[in-house]
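In order, the protein sequences belong to chains A and B. This note's numbering puts the first residue of the first sequence at 1, with every later residue one more than the last. This note's numbering puts the first residue of the second sequence at 1, with every later residue one more than the last. Glycine included, C-beta positions come from ideal geometry on N, C-alpha and C.
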Amino acid sequence: MSEEQIRSLEKQFEERIARDEKIEPKDWMPEKYRKTHIRQMSQHAHSEIVGMLPEGNWITRAPSLRRKVALLAKVQDEAGHGLYLYSATETLGISRDEMYEQLHTGKAKYSSIFNYPTITWADMGAIGWLVDGAAIINQVPLCNTSYGPYARAMIRVCKEESFHQRQGFEIMMKLANGTSEQKDMAQDALNRWWWPSLMMLGPTDDVSVHTAQSMKWKLKRKSNDDLRQQFIDQTVPQAELIGLTIPDPDLKWNEERGSYDFGEIDWDEFWQVVKGHGPMNKERMKARVGAWEEGEWVRDAAMAHAEKKQTRKEKQAV
Amino acid sequence: MSTKNWPLWEIFVRSKNGLEHRHCGSLHAADAEMALENARDVYTRRNEGVSIWVVESKNITASNPENNGELFEPAQDKVYRHPTFYDLPDEVKHM
C-alpha cells in the first residue's frame, strides 16, 4: 500500500470513530491503534489477574462465612474479567501465550496498586471501597470505547463490579462501628490505601504521555486529574459517613470550585512502584510465574487427554 | 515448556428459552467438554444462561469487511422490500 493510500485509510478510520462507529477485529486499523490497544487491554487483563493475589491472601481467614463467600465471588469475578479482557485482546492478533510471556518477564505492566501488601482484614474493605471505586471511575467510560470487543468486555466487567465496591464499603462500615480496635484497624487501612488509590488514576495531566491520542480513540474520556478529582469528591463524604478520617491534612472543601482541594501526591513513590521497587512487586511476580509453571503439567495432561479421546473417537468411526 | 497450546473456542449463550444463542466471548480449552465447563464459570456466573454452545474458533468462516460493498450494498436500494414503499389510502385498515 502506498503512503498516500494509508493516509486516506487513516482519515476514513478517524472519521468513523468520530461518528461513534465501532471498530471490529477484521476491520482495517492503523498499526498504532492496534499496538496501543494491545498494550492497554493486556495491561488491564494482567491487572485483573495479579489483582486476585492480594485478596486471595484473605479468603481462608475471612471472619465469617458471609464474608468468605463474598470475597471468593469477588476474586472469581476478577479471574473472569481477566479472561474476558485477554480474549478481547487476542482479537487484535496477539496470542494468550505472548501476553503471559510479557507479564512474566516484566515487559508488560499491571496496575501498581497491587504491589502493596494486605496485612489486615480491613485491607479487604479498603480495597473494595477505594481500589475498586477508583477502578470503576476509570472503567465506566470505557464501555463506550471505539474498539468493539473491548467495549463489550467492559460492559460485562462494569455490571459485575458494582458489588465489589459495596462489599468493601460494608466491611469498612462494620469495622468503623465496632470496637475501638476494629475502628483503628479500619482507619489504618484507609491511611495505607488512600494515597496509592489516588496514584492509581495515573500521572498528572502535564506528564501523562498518551492522553491526546487516547482521547481521540475514546480509550480515555476524561483526563487523569479529572478522574482523580471525581474520585476524591465522591469518596470523602463516604468516609465522613462512617466516621473515618482521610489521611490528608490539606484536604479542604473549595466552595468556589465545588470540589475538594487536596495535598501533594508523592509521585516518587508511584514511579518507584511502577519501576518494580514497591513492597510486593517481587512477591506478586513470583506467585504469578509459580502458578503458571506449576500448572504446566495440568495443561499438558489436559491436552494429551483431549487428543487421546479424539483418536479413540476416530478409530471407532472407522 | 508446553508443546501445544489449548485451542480457542467461541462461546454462545441462550439467556432464556425463547431467545437465540448469542455470542458472548471466547476462551481456551483442551476440548469441547472443557470448553463447556469453562464457559459455565466464565460467562454464566450470574444466571446469564440456560444453554451454552461452544464452537472451536478455527471452524468459523467470517466475511471480510473489505467485501462489505458487494455483500451488503445491493440491499440498500431495494426499498420495495419494505412495507412503507407501497402507497395506500388511509382508509384501508388492517394492512
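Query                                                                                                                                   : Result
Beta carbon of residue 183 of chain A nearer than 8 Å to that of residue 189 of chain A                                                 : no
Of the listed residues A/115, A/162 and A/46, nearest to residue 107 of chain A (C-alpha basis)                                         : A/46
Residues of its chain near residue 165 of chain A, where Cβ-Cβ distance is below 7 Å and the 5 sequence neighbours each way are ignored : 128, 129, 132, 133 and 136
Per-residue contacts from residue 45 of chain B into chain A (C-beta, under 9 Å)                                                        : 73, 76, 77, 80 and 160
Element boundaries [beta strand (DSSP E), containing residue 28 of chain B]                                                             : 21–28
Proximal residues, the stretch 302–317 of chain A versus chain B, C-beta separation under 9 Å                                           : 302, 303, 304, 305, 306, 307, 309 and 310
Reduced DSSP secondary structure (H/G/I, E/B, other) of residue 1 of chain B                                                            : Residue placement at residue 1 of chain B is poorly supported in this model, since its pLDDT is 47, which falls under 50; the coordinates still yield a value, given next. Reduced to three states, the DSSP call for residue 1 of chain B is coil.
First and last residue of the uninterrupted beta strand (DSSP E) at residue 184 of chain A                                              : Residue 184 of chain A -> not in any beta strand (DSSP E); alpha helix (DSSP H) instead, spanning 180–200.
Residue span of the alpha helix (DSSP H) that contains residue 259 of chain A, given as start and end                                   : It is not in any alpha helix (DSSP H) - residue 259 of chain A instead sits in the beta strand (DSSP E) that spans 259–261.
Runs of beta strand (DSSP E) wholly within the stretch 29–66 of chain B (minimum 3 residues, chain order)                               : 51–56
Beta-carbon proximity check, residue 113 of chain A vs residue 82 of chain A, cutoff 8 Å                                                : no
Contact belief for residue 223 of chain A with residue 211 of chain A at Cβ below 8 Å, rounded distance in angstroms                    : 6 Å
Assigned secondary structure, residue 115 of chain A (DSSP; H/G/I helix, E/B strand, else coil)                                         : helix
Residue from A/268, A/267 and A/253 whose Cα sits closest to the Cα of residue 261 of chain A                                           : A/253
With 16 other Cβ atoms within 10 Å as the buried cut-off, status of residue 13 of chain A                                               : buried
Where the beta strand (DSSP E) through residue 136 of chain A begins and ends                                                           : Element bounds for residue 136 of chain A: not the beta strand (DSSP E) but the alpha helix (DSSP H), 132–139.
Straight-line gap, residue 97 of chain A to residue 6 of chain B (C-alpha atoms, nearest Å)                                             : 10 Å
Interface positions of the stretch 52–69 of chain B facing chain A (Cβ-Cβ less than 9 Å), listed along the chain                        : 62, 63, 64, 65 and 66
Closest by C-alpha distance to residue 203 of chain A, when choosing among A/27, A/4, A/34 and A/267                                    : A/267
Beta-carbon proximity check, residue 51 of chain B vs residue 14 of chain B, cutoff 8 Å                                                 : yes
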